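Residue numbers (my numbering), protein chains in the order written: chain A, 546 to 1148; chain B, 331 to 642. Heads up, the thing below is written out as structure tokens.
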């Protein structure tokens, strides 16, 4: 297997990987009847989590052939129909899952999410941190047998930033010289700071040292595309029969909204190491429907599980249910550009303190989220979130302090604060908003109106910052770096819906972007987060978890904070008993553990 | 067919054009009035990227110019590229989705028509008997239970526990069609049965049926030969729009069973502000409704000679 792979240990080793997990628009489920409502209560069931799959006894780094199922076919539920299989124009999580099987960038990820060499076998970073030279494997091929060279990467990076491609992720490549100008159309794509020094050496020049740059290269925006087919076929190059890819799998069939079938790419550089012969991605939007398909054996792997069946699944499918921390934060945010929150830091802090996060996660959402007091979720390599002191207080102390601040801000029982919480329509958002409003009411006497809006309306209002007061916000990281959370609150960031502006915070982030020493950089980010939280522009609530059902026969994968699972690492066992014989099963895995854990690589 | 009928057909078909044009115009401006745009997301896009996207899809032009560009496009039956499904054109999506919806909806309608009519006739003949009451009681239940309630029961029973049928997904194979067709058909069966019973009872009380009976014809002949055709009239007029609804896809059924039909495009397209996709399915749906209403009118004339289609 990947025994021979060197683990990357450069200055940016805390950066892991990248993939936009765009917030999934939760459309109010049409299926009101949970298929399994018979024992949905049992609130105090032990939160048992399935132990992480453990590698089998391996022969030459792979499972012995006799334990493998003859049919190595993986059927994965995959949420919505992918919007495109063009890596440069894709956006969502479902696309990312498929594209990571179809394509391979310069850098890729191990089963645990750690970044490892992909199409590039090694690289050099110049002393000033502004020039990267990647040395490609010599025998790389496209799925049609064409040779894959550094020129393909040059073509692809230029295409990704070309305004004509209209990629919505193009700005992830902004660290590259002239990328901003190319995206804006003021310079031609040819001006982009990438060049092929020869067929196997790729030079990328950066505007300034960018510590997370290698992590960005695992993102689909940095995947190579096959230039002859893109040039010849244009917008339909990614269709069945057209798509030429360079990853472990190739596209065999694409029936929109029905299935996407991938088979092993014989030209992949490690083709002989992947065991799964065929991967079928099934777009299934209805979460209850997905569970039913899993239960009747049509799926090996679900995209998610519905909240309302979670307790039932915990009890009845404890072996299959996998819950693990995910790089995302759920919070509410204040609009600081208008009354009542613009001039009143005490008031904001009072509202932040008054909610009981344990109740929200244990009684309201109930699927193993971690209560959170900060913006950055835990588990981002080496970074310690700037958790405020009140996180360690007992709830009563927080409430007392909240009352004191509330009164200092000029409010009282006779003169209560009137505010609103605005959220996009979803069962979960509604429950949380309602719970938060009632906590504010109970502890402080705040009168809160709930406003729900359809997704696009909500987005527009949030962005315009005119009608909003308190609103739902969530962020799931593009790449494994705290910076991706902190930059949301730079004064001029398009996503800063709170209109938060703090010059010291901005200045600190400028420094962070340039800093190359990980420890120093982490300290600076910690300081920036501390500054941010002291101003209380947000109400942290919890850290997201990923949750799905996985057939226990499927092995070779590991939970990771990015929730990236490459099919090429997976294989299917003939029988589970056989697999577990002679192995130590961890008795009880800790539920939510930061995942900077050691690599479970096969060595 | 008489020449009057031909003239009627021609004028009805001509009337389709202004109807569709109005539909197009209203839909075009309504979807653009809705707040938010096709490229808004949790990650707000930087301005230059938003401009690139808008330029690519001509959304940077003045609204009227976009409208006339769109009209020019659909005259050539080109609905344009989907904003949401970037590798596909709206024409392709409709061409892929419609056969699925047509098959499922068509089969459901056929099933509903034959089973529903048969049940209705039986109930009408046995009017006010125990059979009648139990059939109509069941039909009442069938009409009032929505299909998103029936579906999970069918799935749990037939797919999850018995394992006879797949719980969802789609292939062009009979076993994937059984549950969706059944789910779609059940309420329609119930509705048609009630319609059929009512109208059959009414017809059976009319004078010419009494005459037929008086001539000594066997009851089966009376019902099937003399009463059936006129009794079908209300069923047929119900079936026009109902068929249009069924064959253009049901959002609920498609979601629950993960079927790649046309129905979800309405909802997905609208929620994602996929202007071209919404327009495409709206126009297509409008056309199917108009067409089926026209077919119903023709069937009416065939079933009931009293109806004449004459000019003026």
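Ideal Cβ placement from N, Cα and C applies to all residues, glycine included. Every value quoted in this text rests on a predicted model; they were computed, and no experiment measured them.
Less than 9 angstroms between CB atoms is the rule here; does residue 629(A) satisfy it with respect to chain B?
yes
C-beta neighbour in chain B for residue 711(A), strict 9 angstroms:
yes
Coil, strand or helix - residue 982(A) by DSSP:
helix
Where does residue 591(A) land, buried or exposed, given buried means 16+ other C-beta within 10 angstroms?
Residue placement at residue 591(A) is flagged as unreliable, the pLDDT there being 37, under the threshold of 50; a coordinate-derived value is accordingly withheld.
If you draw a straight line from the alpha carbon of residue 615(A) to that of residue 468(B), how long is it in whole angstroms?
Note on geometry: alpha-carbon atoms of residue 615(A) and residue 468(B) lie some 49 angstroms from one another.
Report the three-state DSSP secondary structure of residue 761(A) (helix, strand or coil).
helix
Residue 883(A): contacting residues in chain B (beta-carbon distance under 9 angstroms):
Those within 9 angstroms of residue 883(A) in chain B number zero; the least Cβ separation is about 19 angstroms.
Around the Cβ of residue 791(A), are there at least 16 other Cβ atoms within 10 angstroms (buried) or fewer (exposed)?
buried
Can you tell me whether residue 551(B) is helix, strand or coil according to DSSP?
helix
Tell me which same chain residues have a C-beta within less than 8 angstroms of the C-beta of residue 482(B), skipping the five on either side of it?
Once the five neighbours on either side are set aside, the close Cβ partners of residue 482(B) are 586.
Going along the chain, which residues of its own chain have a beta-carbon closer than 7 angstroms to the beta-carbon of residue 881(A), five neighbours each way excluded?
887, 1043, 1044, 1045, 1082
Can you tell which of 897(A), 687(A), 869(A), 826(A) has the C-alpha that lies nearest to the C-alpha of residue 923(A)?
869(A)
Residue 912(A), DSSP secondary structure in three states:
coil
Proximal residues, the region 861–876 of chain A versus chain B, C-beta separation under 7 angstroms:
none
Could you tell me whether the Cβ atoms of residue 878(A) and residue 1015(A) are closer together than 9 angstroms?
yes
For residue 1003(A), three-class secondary structure by DSSP:
helix
If you follow the alpha helix (DSSP H) that residue 517(A) is in, where does it begin and where does it stop?
Lying before the first or after the last residue shown, residue 517(A) is absent from chain A, which here runs from 546 to 1148.
Within 10 angstroms of its Cβ, does residue 461(B) collect 16 or more other Cβ (buried), or is it exposed?
exposed
Residue 426(B) versus chain A: which residues are under 7 angstroms apart at the beta carbon?
801
Could you tell me if residue 1127(A) is buried or exposed, where buried requires 16 or more neighbouring beta carbons within 10 angstroms of its beta carbon?
Here residue 1127(A) scores only 38 on pLDDT, less than 50, and its place in the model should not be relied on; the value that follows carries that caveat. Exposed, since its Cβ has fewer than 16 Cβ neighbours within 10 Å.
Distance between residue 759(A) and residue 1114(A) (C-alpha atoms, nearest Å)
Between residue 1114(A) and residue 759(A), the C-alpha separation is close to 22 angstroms.
Apart from the five residues just before and just after residue 993(A), which ones in its own chain have a Cβ nearer than 7 angstroms to its Cβ?
964, 965, 966, 982, 985, 986
How many Å lie between residue 392(B) and residue 670(A) at the Cα?
48 angstroms
Any contact of the region 423–442 of chain B with the region 516–525 of chain B, i.e. 3+ C-beta pairs under 8 angstroms?
yes
8 angstroms contact criterion, which residue 1117(A) and residue 1099(A) should meet: CB distance rounded:
6 angstroms
Members of the region 487–501 of chain B near chain A, C-beta cut-off 7 angstroms:
489, 490, 493, 496, 497, 498, 499, 500
Of the residues that make up the region 975–1008 of chain A, which ones have a beta carbon closer than 7 angstroms to any beta carbon in chain B?
1000, 1001, 1002, 1004, 1005, 1008
From the DSSP output, in three-state form, read off residue 388(B) for me.
coil
Since residue 580(B) contacts residue 629(B) with CB under 8 angstroms, what's their CB separation in whole angstroms?
Taking the Cβ atoms as the reference, residue 580(B) lies roughly 24 angstroms from residue 629(B), outside the contact range of under 8 angstroms.
Is the region 561–572 of chain B in contact with the region 403–419 of chain B, if contact means three or more CB pairs nearer than 8 angstroms?
A contact between stretches requires three or more CB pairs, one per stretch, nearer than 8 angstroms, and the region 561–572 of chain B fails this requirement with the region 403–419 of chain B.
Using CA atoms only, rank isn't needed, just tell me which of 474(B), 625(B), 533(B) is closest to residue 340(B).
625(B)
Neighbour-count burial assignment, residue 651(A), 16 or more Cβ in a 10 Å radius:
buried
Which first and last residues belong to the beta strand (DSSP E) in which residue 666(A) is found?
665–670
Can you give me the C-alpha to C-alpha distance between residue 388(B) and residue 364(B), rounded to a whole angstrom?
18 angstroms
Identity of the residue in 625(A), 771(A), 978(A) nearest residue 647(A) by Cα:
771(A)
Residue burial classification, residue 1103(A) (beta-carbon count within 10 angstroms, cutoff 16)
buried
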